[in-house]
Amino acid sequence: MQISIIIPTYNEAEHISCLVTHLWANARQSVADIIVVDGGSTDNTLAYAQAAGAQAILAPTKGRAVQMNLGATLAQGEILYFVHADAFPPATYVQDIAEALQEGFPIGCYRFRFKSDKLLLKINSYCTRFDRIMCRGGDQTLFVTRRVYDEFNGYKPDFVIMEEYDFIIRVRKKYPFKIIPKDVLVSARKYDYNGYFRVNLANLTVFLMFFAGFSQAQLLNTYKRMIHHPKF
7 MQISIIIPTY
17 NEAEHISCLV
27 THLWANARQS
37 VADIIVVDGG
47 STDNTLAYAQ
57 AAGAQAILAP
67 TKGRAVQMNL
77 GATLAQGEIL
87 YFVHADAFPP
97 ATYVQDIAEA
107 LQEGFPIGCY
117 RFRFKSDKLL
127 LKINSYCTRF
137 DRIMCRGGDQ
147 TLFVTRRVYD
157 EFNGYKPDFV
167 IMEEYDFIIR
177 VRKKYPFKII
187 PKDVLVSARK
197 YDYNGYFRVN
207 LANLTVFLMF
217 FAGFSQAQLL
227 NTYKRMIHHP
237 KF
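Put into structure tokens, the structure is as follows:
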């Protein structure tokens with residue numbers, strides 16, 4: 007089994023070196039490549055990624071779906087593992103994914119835990135153990151076999167938000183989904199910058215709008231109005 011790790015980035019110089027180093031340090035000769043696909047960063051993210059040992063690629067347009075699909079086309083492994091730049095998987099990620107595949111799960115994710123001791127964020131983290139679409143998200147990372155990824159044509163390239171939800175929903179109609187009972191360690195920066203209730207209200211609003219059939223432009227505009235972040 008060979009895993010290709012795909013990391014979409016935009017201005018992630020603060021995290022990317024540590025993440026790539028961590029992933030290589032725990033690769034156990036099972037990682038074919040680590041591909042960082044950047045959306046036009048202005049903080050030398052790609053240079054840091056390359057220095058840490060990743061294949062660094064500049065995407066033609068910014069957007070996680072486009073960036074992740076591009077990474078998948080370049081990937082050499084038969085297992086694709088999508089990881090956000092501020093999400094650190096357990097050191098056992100290779101073994102965990104292998105065990106999930108052996109159990110018959112061609113797709114799955116981890117739970118997550120925020121880098122914070124705040125009680126409300128611990129509640130959010132706890133909810134990621136439940137098998138409900140509302141409890142999913144890209145910060146939990148996502149593994150999927152190349153065969154299943156190709157069968158569903160990857161992420162929809164016109165999606166600029168909720169791309170992971172859409173992909174998981176489509177695949178789960180046919181295949182079982184594994185929630186690995188370990189935690190990815192995730193940055194709480196969005197909550198630190200905006201506050202707990204603002205972020206959760208924004209997430210819930212966009213989640214409901216997505217299932218109500220609103221357009222990608224409407225979803226993104228709503229999210230940007232509700233969430234303030236330097237990366238926007």
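Heads up: the sequence shown at position 207 corresponds to 213 in my numbering, and the numbers run straight through without jumps. Think of the CB as a built atom: it goes at the ideal place given N, C-alpha and C, for glycine as much as any other residue.
Asked: Identified DSSP bridge partners for T51; Found: Answer is none; T51 lacks a bridge partner.
Asked: Given 8 Å, three or more beta-carbon pairs between the segment 23 to 35 and the segment 99 to 113; Found: yes
Asked: Backbone CA spacing between I63 and Y54 [nearest angstrom]; Found: 12 Å
Asked: Contacts around V154, its chain only, beta-carbon distance under 8 Å, and the 5 residues preceding and following it disregarded; Found: P112, I113, V177, Y181
Asked: Buried versus exposed call for M7 [16 or more other C-beta atoms within 10 Å across all chains shown]; Found: exposed
Asked: Nearest residue (CA-CA) to E84, options I12, E18, V43, V205; Found: I12
Asked: Where K184 falls: helix, strand or coil (DSSP); Found: strand
Asked: Selection from P66, Y87, G110 that minimises the alpha carbon distance to S36; Found: Y87
Asked: Per-residue DSSP class, three states only, for T67; Found: coil
Asked: Sheet register partners of G59 (DSSP bridge); Found: Bridge partners of G59: none, in fact.
Asked: Residue span of the beta strand (DSSP E) that contains V43, given as start and end; Found: 37 to 44
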